[in-house]
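Residue numbers (the UniProt record's numbering): 1 to 475. C-beta atoms are modelled at their ideal positions from N, C-alpha and C, and glycine is treated no differently. Here the structure comes first, spelled out in structure tokens, and everything after it is commentary.
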């Protein structure tokens with residue numbers, strides 16, 4: 001057999017030969033680049049590799065890059081796009097011109113939930129670097145709506161804009177489920193790296209798409225159960241991103257929808273996930289408003305999670321539930337109950353049994369220390385919380401987002417004990433991460449007391465500049 005028959009050229013870089021036995025359509029370097037989020041991404045699956053393929057109107061490479069990023073088989077990707085597996089193969093090899101028709105390109109974009117502005121490189125070609133989606137353009141694109149009241153945005157995203165949602169596929173198959181799961185994983189990884197604001201719109205759009213499939217498409221009984229579960233998961237992730245972005249009204253709306261879907265799914269981990277996130281938000285509202293009723297609500301949510309999860313084996317799941325219960329008790333001033341539940345969380349992690357869920361992997365010993373620090377603040381022990389926050393920041397295995405958030409918490413605690421100079425120093429470091437790579441309103445909200453108390457002009461200026469990116473933070 002000839003060398004040509006055994007190997008093919010990577011459609012993305014068009015330089016490296018790929019073995020015919022390699023199930024991935026791209027060479028290893030291009031595969032890694034396709035799965036990394038690009039600079040100022042304009043879409044969930046955006047990457048520099050994808051933009052380059054679009055700019056040279058190489059639809060074979062476009063299809064291969066997106067499929068590789070989603071980690072989908074040709075059969076699954078074909079089900080998503082309404083193609084047979086053989087059509088996907090021929091398109092990726094450049095043997096079929098189907099994907100070069102403008103109507104087909106738009107249909108593919110719609111099937112993927114790809115916004116029209118993500119196709120700008122296809123229109124501009126080689127000029128897309130100068131006139132396309134650079135960081136400033138991406139910011140201007142989104143800022144056209146950023147000055148809209150956040151409550152209005154939440155209503156638009158979940159209400160009137162629903163009418164503009166593209167019709168769902170007539171029938172949902174395994175490929176559609178695989179794509180929704182890929183989007184879910186992508187949203188989680190993007191959030192861990194950069195916080196909620198950068199991917200909130202994409203999360204809402206993906207959830208709306210899944211919900212439309214659940215409501216209007218045809219599917220088998222098994223597919224329906226899986227679709228219900230992933231839709232609930234997407235609602236939870238979208239709610240979390242809204243929470244992290246500072247839009248508590250939108251977060252509660254999404255969490256309540258997730259809670260309803262989770263209850264219908266019968267999947268215990270999803271039911272627990274919705275309940276513990278509702279508990280977390282209620283605890284936050286208790287701190288923000290000073291209303292004990294929110295803390296009691298948080299306790300009801302977390303106690304419900306504990307009851308639902310009583311037969312689950314995952315140690316990190318039980319530790320998370322205990323932490324939610326602990327902080328609710330701290331907000332109610334119950335020190336004994338707080339210590340009891342944080343101790344239970346540590347013992348649960350020490351046993352380390354059961355499968356660890358993707359969304360409980362952040363529960364580590366340092367996260368428990370972080371909860372002890374937050375509880376110490378709630379129980380009027382800011383000096384102790386400073387020491388505990390420093391212990392958390394010593395754990396360099398935490399995500400960039402987590403480290404920045406905890407650094408802001410440390411700055412707030414330092415401000416409370418009167419160490420303004422160190423508070424400003426820590427706050428400036430957190431603000432540097434916020435603008436460059438992070439979109440979390442929690443950082444700004446936590447640093448607000450430092451801004452109000454400190455005379456440091458640099459800190460106040462940088463805080464105010466960052467605050468303009470979050471124009472309507474709600475409680």
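Asked: Identity of the residue in 418, 119, 79 nearest residue 52 by Cα; Found: 119
Asked: Buried/exposed call for residue 439, threshold 16 Cβ in 10 Å; Found: buried
Asked: Euclidean distance between Cα positions of residue 452 and residue 28; Found: 51 Å
Asked: Other residues of its chain near residue 84: CB distance less than 7 Å, five sequence neighbours each side excluded; Found: 78
Asked: Euclidean distance between Cα positions of residue 279 and residue 168; Found: 33 Å
Asked: According to DSSP, residues forming a beta bridge with residue 186; Found: Residue 186 pairs with nothing; no bridge assigned.
Asked: Host alpha helix (DSSP H) of residue 335 (start-end); Found: 335-351
Asked: Status (buried if at least 16 other CB within 10 Å, exposed otherwise) for residue 23; Found: exposed
Asked: Proximal residues to residue 382 (C-beta, below 6 Å), its chain only, five neighbours per side dropped; Found: 413, 416, 417
Asked: Collapsed DSSP secondary structure at residue 17 in the structure displayed; Found: strand
Asked: Span separating the alpha-carbon of residue 102 from that of residue 108; Found: 10 Å
Asked: Every unbroken alpha helix (DSSP H) within the region 347-432, with a cutoff of 4 residues, ordered by chain; Found: 365-378, 382-393, 400-417
Asked: Proximity to residue 479 [Cα-Cα], best of 66, 91, 71; Found: No statement about residue 479 is possible, as the shown extent of the chain runs from 1 to 475 and does not include it.
Asked: Presumed contact (8 Å Cβ cut-off) between residue 226 and residue 177, rounded CB distance; Found: 5 Å
Asked: Nearest neighbour of residue 124, chosen from 69, 57, 110 [CA to CA]; Found: 57
Asked: Inter-residue Cα distance where the pair is residue 462 and residue 449; Found: 14 Å
Asked: Touch test, the region 239-247 against the region 196-207, Cβ-Cβ under 8 Å, three pairs minimum; Found: yes
Asked: Supposed contact pair residue 388 and residue 480 - C-beta distance, whole angstroms, cut 8 Å; Found: Limits of the chain in this structure are 1 at one end and 475 at the other, which puts residue 480 out of reach.
Asked: CA nearest to the CA of residue 296, picked from 220, 305, 426, 328; Found: 328
Asked: Where residue 353 falls, given that 16 or more other Cβ within 10 Å makes a residue buried; Found: exposed
Asked: Residue from 331, 114, 190 whose Cα sits closest to the Cα of residue 36; Found: 190
Asked: Simplified DSSP state of residue 8, which is helix, strand or coil; Found: strand
Asked: Residue 426 vs residue 410 beta-carbon contact at 7 Å; Found: yes
Asked: 7 Å Cβ cutoff met for residue 308 and residue 276; Found: no
Asked: Same chain only: Cβ atoms within 6 Å of residue 408, ignoring 5 sequence neighbours per side; Found: 430, 443, 446, 447
Asked: Host alpha helix (DSSP H) of residue 256 (start-end); Found: 248-265
Asked: Residue 356 versus residue 318 - alpha carbon distance; Found: 11 Å
Asked: Local conformation of residue 218 per DSSP, three classes; Found: strand
Asked: Exposure of residue 313, with buried meaning 16 or more beta-carbon neighbours within 10 Å; Found: exposed
Asked: Exposure of residue 342, with buried meaning 16 or more beta-carbon neighbours within 10 Å; Found: buried
Asked: For residue 266 and residue 86, the rounded distance between their alpha carbons; Found: 37 Å
Asked: Contacts around residue 302, its chain only, beta-carbon distance under 8 Å, and the 5 residues preceding and following it disregarded; Found: 275, 276, 279, 321, 324, 325, 328
Asked: Per-residue burial, residue 293 [other beta carbons within 10 Å of its own, 16 or more giving buried]; Found: exposed
Asked: Length of the line joining the Cα atoms of residue 304 and residue 117; Found: 43 Å
Asked: 4 or more residues per run - each alpha helix (DSSP H) lying fully within the region 297-332; Found: 315-331
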